[in-house]
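Visitor: If you're matching them up, the sequences are chains A and B in order. Mapping of the first sequence onto our numbering: residues 109 to 524, in sequence order. Mapping of the second sequence onto our numbering: residues 378 to 557, in sequence order. Even glycine gets a Cβ: it sits at the ideal position worked out from N, Cα and C.
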Amino acid sequence: MSNPVLVIGAGVAGMTAAVELADSGIKAILVERKETVGGNALDLYKAFPTDDCFYCFEGNRWRPGIRKCFYRSALIDQPNITLKMNSEIDEISGAPGQFKVKLTKGPEYIHPRKCTMCGLCLEKSKAFHLLSPQCQPQAVVFNPEKTDDGAKQAEEECPTKAINLNAQPVEETIQVSDIIIATGYHELQPINVDEYKYGKYPNIITQLELAKIIDPNSDSGGVLVRPSDGKPAKRVMMVQCVGSRDENYYPYCSKICCIFALKHASILTQERDDVRVSVVYMDIRTYERYERYYRRSRESGVEFLRGRVSLVQPREDDTLDITVYDSLLNKYLKFTVDLFVLSSALEPPEGMDKLIETLGIKSASGFVAAADPASEDEVVIGDHIYACGTALGPAEVPESVTQARAVVSKILQSRK
Amino acid sequence: MAETKEPAGPPVTLTEPIEMSKLDVKFREEIHSMPNGEELSACFACSTCTAACPIANIWKYKPHQLIRMILLGMRDEVLSSDEIWLCLTCFQCQERCPQKVRVTDIFFDCKNLAAEEGKIPANIIGLAKELLEKGQLYTVTADWEREDMGLEPEVPGLSVDALKNILKETRTNKIVDSGE
Ligand SMILES: Cc1cc2nc3c(=O)[nH]c(=O)nc-3n(C[C@H](O)[C@H](O)[C@H](O)COP(=O)(O)OP(=O)(O)OC[C@H]3O[C@@H](n4cnc5c(N)ncnc54)[C@H](O)[C@@H]3O)c2cc1C
Ligand code: SF4
Ligand code: SF4
Ligand code: SF4
Ligand code: SF4
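1) Going by the beta-carbon positions, is the gap between Y80/A and L428/A smaller than 9 angstroms?
2) For L449/B, which residues from the same chain have a beta carbon less than 7 angstroms from its beta carbon, with the 5 sequence-adjacent residues on both sides left out?
3) Skipping 5 residues on each side, what residues in its chain have a beta carbon closer than 6 angstroms to that of I519/A?
4) Can you give me the C-alpha to C-alpha distance between G122/A and L443/B, rounded to a whole angstrom?
5) Taking Cβ positions, are V208/A and Q283/A nearer each other than 9 angstroms?
6) Which residue wins for smallest C-alpha separation from L437/A, given the options Y395/A, R414/A and L454/A?
7) When the Cβ atoms of the region 472–487 of chain B are set against those of the region 538–545 of chain B, are three or more pairs found closer than 8 angstroms?
8) Taking the Cβ atom as the reference point for each residue, do R384/A and C366/A lie within a distance shorter than 9 angstroms?
9) Counting along the chain, where does the beta strand (DSSP E) carrying V488/A start and finish?
10) Looking at the strands, I want to know which residues DSSP matches up with Y389/A.
11) If I measure Cβ to Cβ from Q297/A and keep anything under 8 angstroms in the same chain, skipping five residues before and after, which residues do I get?
12) Counting C-beta neighbours from all protein chains within 10 Å, is the total for V492/A 16 or more, i.e. buried, or is it exposed?
13) Touching or not, the region 503–511 of chain B and the region 467–476 of chain B, by the rule of three or more beta carbon pairs under 8 angstroms?
14) Can a CB atom of chain B be found closer than 9 angstroms to the CB of S435/A?
15) Scan the region 467–500 of chain B for residues whose Cβ lies nearer than 8 angstroms to a Cβ of chain A and list them as they occur along the chain.
16) With a threshold of 6 angstroms on Cβ separation, who are the neighbours of P277/A within its own chain once the five nearest residues in sequence on each side are excluded?
17) If you drop the 5 nearest sequence neighbours on each side, which residues of the same chain put their C-beta closer than 7 angstroms to that of L447/A?
18) Are S424/B and R405/B closer than 9 angstroms when you measure CB to CB?
19) Should T425/B be flagged as near chain A, meaning a C-beta pair shorter than 9 angstroms?
20) Compare the C-beta of Y395/A with all C-beta atoms of chain B and state if any pair is closer than 9 angstroms.
21) Helix, strand or coil: which one does DSSP assign to C349/A?
22) Reducing DSSP to helix, strand and coil, say where F475/A ends up.
23) Which residues in chain A sit within 9 angstroms of K439/B, going by Cβ to Cβ distance?
24) For N434/B, go through chain A and note every residue whose CB falls closer than 7 angstroms to its CB, in chain order.
25) Just checking L114/A against ligand 1 - is the residue's beta carbon closer than 8 angstroms to any of the ligand's heavy atoms?
26) Could you confirm whether any beta carbon from chain B is found closer than 9 angstroms to the beta carbon of S418/A?
27) What separation, rounded to the nearest whole angstrom, lies between the Cα atoms of E484/A and S471/A?
28) If you reduce the DSSP assignment to three classes, tell me which class S401/A lands in.
29) State the start and end residues of the unbroken beta strand (DSSP E) segment that holds T431/A.
30) Assuming A499/A contacts E486/A (C-beta within less than 8 angstroms), just tell me the rounded distance between them.
31) What's the C-alpha gap between G330/A and S201/A?
32) Which chain B residues are close to G415/A, counting only those with a beta carbon under 7 angstroms from its beta carbon?
33) So, does the CB of C361/A fall closer than 9 angstroms to a CB anywhere in chain B?
34) Looking at the C-beta of Q513/B, does it have a partner C-beta in chain A at a distance below 9 angstroms?
35) Is any beta-carbon of chain A found at less than 9 angstroms from that of F421/B?
36) Could you round the C-beta distance between G474/A and P456/A to whole angstroms and report it? I think they count as a contact, below 8 angstroms.
As structure tokens, then:
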């Protein structure tokens, strides 16, 4: 019974599950493939439904402070959590309750506890960079493909001797009682939805890319700028349902893209100087409490166009001419905009299919599905296998956290 | 659907609504059962087809409206509309439809239905006649076109006689006959 629980994915859902298990005295091994925890919520700035800045956990009063502190205290100082960064699951075998998991931990070029983020190495070589001021572990990352003399110099001069350029990947096998899949989602890069010309012109971006631009920690300090030249952007057009609700891409509704589009539209019209936003939609889906975002953005002057985009044409100065068919007016309208933002589908992350196959669990549109679709236990996806957050399909943070807590409660019950 | 009784007294509003009970509820089924109509009812009125269409700008009824009219049962309006014949058959609407509705193909179905009822615009009959008589729609008469490009005057291997014979046995012939 003392086997630890494996949590795959250190986004909001995986971290909540790991922290709450650990706080209940159960050991958790948290495996994350990237070099920082936080997942997709890392650079999101303001969060619905509370409009808190993502940097502070106002709603999380029992663990107050800024997000960085939450991550750090939870993941570094909580002795029941073993964090494995930069790691991939290779194989899962064994019976439920005593799974054998083989994994590869990527090379630890930078010692996460020794690095003080002094910045010395960043000046010496382009091989080092800081992922985000919010990153956790709080350490720089190293890209071996860019190794140069500067990197070797930094290794010698690092004041805390945190750098080891010869670090190697480590393979290990662990035994765990339960598996929690918290692998989250990936935002579709809509290159194939060719009518929107994403990937062809720099000022055509996705909502997650927009979130990164308007984050106060961005290169522009949160000012809305055009990627083409870094100059302020004033006219923005968003288009909904890109790759979602589309039998050619993903048949499902990605559920939260209407809400984050309205969140961004409101931030831009209310907090930035004379930015004009138009939203092209076919349905606005602001379920339950989110309807107020819709009303608020209408009040703040966001322009809503019911219809679809006919044509996107770039101009010499990197602005874009966009023709929209307005189905309510039954007219074609032409706009010139600085930024064209695509509300792109939320799709299963890379490797999800392999994980689903290895574990022999059910799938729904590529995401993980409940073992018994008719039951209320949507987080139970197999014998001693659970899932939470967006690994189960598009969801907001509160829902992801609630599911993570449901998983913890299930595991606690099973161990009584 | 039973026709609703004429209400007594003057009309309450000045709008003139389309009387739903007068529409042909079976039209939807009719199109649906045709080879291309399978996905018809999947249409969720997004208007992508109209946004994609290079010509609907000048149409009275836009592609998504025609699909809507089929779903509602506006058989006469659809089959006697100019739009189904003005369609360039470029397939852009069908290509982009997120619900895989075969918009262009459905307009072909509509054209076939309209043709069976003799609702064919005169210029289309003219084209059919041309096809029957010459075996091709565009005859290369002016040698200079080919000459300019350094080609021999006659299109090599072009044989229109076989085609003419085949066309005589097809409905193209019937169309021309009934049109005259
Ligand atoms: C533009 C935008 C704005 C948003 N704004 C809000 C908002 O304001 N409020 C709100 O509530 N929600 C918002 N969301 C939704 C929010 O991002 C998600 O609800 C939340 O991030 C889900 O967390 P998660 O832990 O389920 O998944 P993720 O954040 O995707 O985390 C999954 C983690 O698992 C890792 N992983 C994946 N596969 C593996 C594997 N095989 N092995 C190891 N690790 C793996 C990933 O690297 C990642 O770190 C927004 C989303 C977008 C796109
Ligand atoms: S020099 Fe060392 S301590 Fe400073 S940021 Fe680089 S790795 Fe971290
Ligand atoms: S949430 Fe809105 S934008 Fe996203 S798929 Fe659903 S309807 Fe489209
Ligand atoms: S694009 Fe397809 S789903 Fe949308 S209105 Fe046209 S036919 Fe209907
Ligand atoms: S096939 Fe016809 S209806 Fe469809 S886009 Fe082309 S011209 Fe328009």
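Guide: Taking the coordinates as given:
1) Nothing in the structure corresponds to residue 80/A, since chain A is present only between 109 and 524.
2) Result list for L449/B: L400, in chain order.
3) Answer for I519/A: D286, listed in chain order.
4) Cα to Cα, G122/A sits roughly 49 angstroms from L443/B.
5) The sequence given here places Lys at residue 208/A; Val does not occur at that position. Closer than 9 angstroms, so yes.
6) It is R414/A.
7) At 8 angstroms Cβ cutoff, the stretches do not touch.
8) Inclusion of R384/A and C366/A in the CB contact set at 9 angstroms is not warranted, their separation being larger than that value.
9) In the DSSP annotation of this structure, the continuous segment of the beta strand (DSSP E) that includes V488/A starts and ends at V488 to G490.
10) By DSSP's assignment, Y389/A forms a beta bridge with R414/A.
11) Non-local beta-carbon contacts of Q297/A in its own chain, meaning distances under 8 angstroms to residues more than five positions away in sequence, involve Y306, G307, T314 and S452 in chain order.
12) Checking the sequence shown, residue 492/A turns out to be His, not Val. Here H492/A is buried, its C-beta having at least 16 other C-beta atoms within 10 Å.
13) At 8 angstroms Cβ cutoff, the stretches do not touch.
14) It does: the Cβ of S435/A has a partner Cβ on chain B nearer than 9 angstroms.
15) Residues passing the 8 angstroms Cβ filter: R473, P475, Q476 and K477.
16) Same-chain partners within the cutoff: T212, G214 and P215.
17) Closer than 7 angstroms at the Cβ level, and outside the excluded window around L447/A, lie N311, I313, R334, A341 and V344.
18) The Cβ atoms of S424/B and R405/B lie no closer than 9 angstroms to each other.
19) Output row for T425/B: interface = yes.
20) At a cut-off of 9 angstroms between beta carbons, Y395/A makes no contact with chain B.
21) Secondary structure of C349/A (DSSP, three-state): strand.
22) DSSP places F475/A in strand when its eight states are reduced to three.
23) What K439/B touches in chain A: Y433, S435 and N438.
24) Residues of chain A passing the Cβ test: Y440.
25) Using a cutoff of 8 angstroms, the CB of L114/A does not count as near ligand 1, since none of the ligand's heavy atoms is closer than that.
26) Under the Cβ criterion of 9 angstroms, S418/A is counted among the residues facing chain B.
27) Distance between the alpha carbons of E484/A and S471/A: 17 angstroms.
28) A quick correction: the sequence has Tyr, not Ser, at residue 401/A. When DSSP states are grouped into helix, strand and coil, Y401/A belongs to the helix group.
29) In the DSSP assignment, T431/A falls within the beta strand (DSSP E) that extends over L428 to D434.
30) About 11 angstroms separates the CB atoms of A499/A and E486/A; that is not less than 8 angstroms, and the two are not in contact.
31) Each residue's Cα considered, the two are about 47 angstroms apart.
32) Within chain B, the residues near G415/A are S424 and A428.
33) Among the CB atoms of chain B, none fall inside 9 angstroms of the CB of C361/A.
34) Not closer than 9 angstroms to any Cβ of chain A, the Cβ of Q513/B fails to qualify, so no.
35) Cβ-Cβ to chain A under 9 angstroms: yes for F421/B.
36) Sure, about 4 angstroms apart at Cβ, within 8 angstroms.
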